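Just so we're aligned, residue 1 is where the sequence shown starts under full-length UniProt numbering, counting upward by one.
Idealized CB from N, CA, C, for every residue including glycine.
Because the structure is a prediction, the values reported are computed rather than measured.
Right, one structure below, let's go through it.
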Amino acid sequence: MTALDRFYPIVDSAAWIDRIVPLGVRLVQLRIKDRSPAELRAEIRAAEVICLAHDCLLVVNDYWQLAIDEGCRFVHLGQEDLADADVGAIRRAGLGLGLSSHDGEELETALAVAPDYIALGPVYPTILKKMKWAPQGLEKLGDWKRRIGDIPLVAIGGMSVERAAGAFAAGADIVSAVTDITLHQDPEERVRQWLAATRA
């Protein structure tokens, strides 16, 4: 697996990918909920075409079977999805695998399948979705990084351009952003700010 970019936006449509990937994004996650299988396949297919054209790695959230079918290169699974996934099939298809973690038990579960990155969140309070976990904080990032060693660590949850440096200093290898981009009044300009901050 090639080195993963330090900036990792997450969006919910191929249209968003078409907006931000041409700006220079090299790693992006497509996270779609509540769509029909046909719609999901079409979105994944369109997103992968855009990403391949711009030397960007597309990470498909949840739908590992569709990702395999569509010849994608990387999937991300939450812990609930991991329990139902065929990790062997994902690996045989040559896909990279990223996993979410929120506490020590979930970290051990993630480490057991030797993922290509581990995400810790929410680092800060997040409005994206209701979470049963309290904000983890920067200290937890450092603890996680010491425990996982060379596996890339993704900081997610309430992240912004202004908070990115602190997350990197605490131990994150990659910082993921969602609403800091999608709810921004000028998402393209915000992406440019992220690229400048993470590639300085």
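C-alpha gap between residue i and residue j, whole angstroms
i	j	result
I181	V191	7 Å
V154	Q29	12 Å
I148	A110	10 Å
T126	T179	9 Å
L120	L107	9 Å
A46	E70	10 Å
A3	I151	11 Å
A14	A42	9 Å
W64	H76	8 Å
residue 233	E80	Nothing about residue 233 can be read from this structure; the chain reaches only from 1 to 200.
A112	L82	11 Å
D55	P9	15 Å
I68	K33	18 Å
Pick from the options that is closest to residue i, judged by C-alpha positions
i	options	result
G96	Y8, P115, S36	P115
A196	D18, S160, A89	S160
L57	A167, V178, D103, G98	G98
A177	A164, W64, A47, E189	A164
V49	G78, I32, G104, D18	D18
A167	D143, R45, D150, I32	D143
E162	W194, S100, F74	W194
L66	G157, R31, A112, D5	R31
residue 204	I174, S100, E139	Here the chain comprises residues numbered 1 to 200, so residue 204 is not present and cannot be evaluated.
F74	D34, A53, Y117, A112	Y117
V123	E39, G78, G158	G158
Buried versus exposed, by CB contacts within 10 Å (16 or more), residue i
i	result
P37	exposed
L183	exposed
Q185	exposed
G137	exposed
A172	buried
P22	exposed
K145	buried
R199	exposed
D62	buried
G88	exposed
residue 226	Past the boundaries of the shown model lies residue 226; the chain is included only from 1 to 200, so the question cannot be answered.
A170	buried
G94	exposed
G104	exposed
R26	buried
Residues sharing a beta bridge with residue i, DSSP
i	result
H76	N61, G98
A9	Checking the sequence, you will find Pro at residue 9 rather than Ala. BP columns for P9 point to A177.
Y117	G98
V154	A119, I174
beta-carbon residue i near the ligand NAD non-hydrogen atom, thresh 7 Å
i	result
I44	Ligands displayed in this structure: none; no statement on the ligand NAD is therefore possible.
* At what residue ranges does the region 25 to 56 contain a whole run of the alpha helix (DSSP H), taking only runs of 4 or more? -> Counting only runs of 4 or more, we get 37 to 53.
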